[in-house]
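What follows is one structure encoded as structure tokens, with my remarks underneath.
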Amino acid sequence: MTGLSRLLSHPIVPNTLTLGRLLALPIIILSLALANQQDYFTSSVTATVYLLAALSDLLDGYLARKYNNESNLGRFLDPMADKLLATSALIMMIPLGYIPALVVFLIIARELAVTSLRAIAMERGMVISASAQGKQKTLAQNIAVFCLLWNQELLWANTHRVGTVILYVALFATYWSGSLYFYKFMREIKKPTNKTQ
4 MTGLSRLLSH PIVPNTLTLG RLLALPIIIL SLALANQQDY FTSSVTATVY
54 LLAALSDLLD GYLARKYNNE SNLGRFLDPM ADKLLATSAL IMMIPLGYIP
104 ALVVFLIIAR ELAVTSLRAI AMERGMVISA SAQGKQKTLA QNIAVFCLLW
154 NQELLWANTH RVGTVILYVA LFATYWSGSL YFYKFMREIK KPTNKTQ
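In the numbering used here, the protein residues as written are 4 to 200.
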């Protein structure tokens with residue numbers, strides 16, 4: 004095992020990457036709060052910070068699985084960091100006029116509903132793991148948020164228009180994946196259990 008492999012296999016690395024996403028939050032929030040309209044430099048920096056934070060989610064998940072470094076702390080922090088990252092950016096873009104408030108409300112409402120469902124499932128000894136549809140939802144949300152944060156021309160494309168289209172795709176994916184979580188939960192609780200007297 005090379006030095007880099009030993010470093011990446013250390014149990015602290017995935018959680019450090021997750022904490023890095025949390026540390027990116029104040030940068031993104033302050034950047035969006037301090038300007039009514041973003042100039043090209045500020046928009047590109049904010050969007051790049053968001054992109055790096057979102058990519059770190061893929062990396063820490065990959066490392067945790069590859070080196071079997073998944074921990075209870077990571078299982079708690081990882082989804083929390085993901086949701087805070089996306090929802091904070093979405094909320095901060097409302098007063099800038101980048102995104103309709105209703106869309107943000109619908110996305111946050113779904114996230115709260117699924118989080119509550121997972122808490123109820125945990126109390127019943129059930130584990131509702133992330134589905135492929137949930138991961139696709141997260142990917143679509145991250146791409147949409149990145150484009151909306153950039154909010155300038157990029158490679159001759161209007162990123163605001165592109166981000167808006169992808170955002171509505173993400174909204175559909177958000178509720179589709181959410182419905183699958185609830186379906187899975189209802190199917191599990193209807194399974195017969197063996198009770199001993």
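Positions of the beta carbon are idealized from the N, C-alpha and C atoms, including for glycine.
Examine chain D for any beta-carbon lying closer than 9 Å to the beta-carbon of residue i, and answer yes or no.
| i | result |
| --- | --- |
| LEU26 | Chain labels in this structure do not include chain D; a single protein chain is all it has. |
Sorted by chain position, which residues of the same chain lie with C-beta nearer than 8 Å to residue i's C-beta, five sequence neighbours on each side aside?
| i | result |
| --- | --- |
| ILE30 | THR49, VAL52 |
| GLN139 | ALA176, SER180 |
| SER91 | LEU28, ILE31, ILE32 |
Using a Cβ-Cβ cutoff of less than 6 Å, which residues in the same chain neighbour residue i once the five nearest sequence positions on both sides are dropped?
| i | result |
| --- | --- |
| LEU25 | ALA84 |
| LEU22 | none |
| ASN145 | ALA57 |
| ASN197 | The pLDDT assigned to ASN197 is 45, lower than 50, so where the model puts this residue is not dependable; a value taken from the coordinates is nonetheless given after this. There are no such residues. |
| LEU170 | ALA147 |
Just to confirm before moving on: does the CB-CB distance between residue i and residue j stay below 9 Å?
| i | j | result |
| --- | --- | --- |
| ALA56 | THR141 | no |
| ILE110 | LEU174 | yes |
| MET95 | ILE32 | yes |
| VAL117 | TYR184 | yes |
| GLN155 | TYR43 | yes |
| GLU191 | ALA104 | no |
| SER47 | TRP153 | yes |
So, with DSSP's three-state summary, where would you put residue i?
| i | result |
| --- | --- |
| LEU157 | strand |
| ILE102 | coil |
| ASN71 | coil |
| LYS138 | helix |
| LEU37 | coil |
| MET189 | helix |
| LYS232 | Absent from the structure is residue 232, since the part of the chain shown begins at 4 and ends at 200. |
| GLY128 | coil |
| ILE97 | coil |
| ASP42 | coil |
Rounded to whole angstroms, how far is the Cβ of residue i from the Cβ of residue j, which I believe are closer than 8 Å?
| i | j | result |
| --- | --- | --- |
| SER59 | LEU93 | Not confirmed; about 19 Å, so no contact. |
| VAL165 | CYS150 | 5 Å |
| ARG121 | THR177 | About 15 Å; that fails the 8 Å criterion. |
| ASN18 | LEU80 | 6 Å |
Quick one: using the 10 Å Cβ neighbour count with 16 as the cut-off for buried, is residue i buried or exposed?
| i | result |
| --- | --- |
| VAL148 | buried |
| TRP179 | exposed |
| TRP159 | exposed |
| PRO98 | exposed |
| ALA36 | exposed |
| TYR65 | exposed |
| ILE15 | exposed |
Who are the near neighbours of residue i in its chain, counting only those whose CB is closer than 7 Å to its CB and skipping five residues on each side?
| i | result |
| --- | --- |
| VAL106 | LEU170, LEU174 |
| ALA143 | ILE169, VAL172, ALA173, ALA176 |
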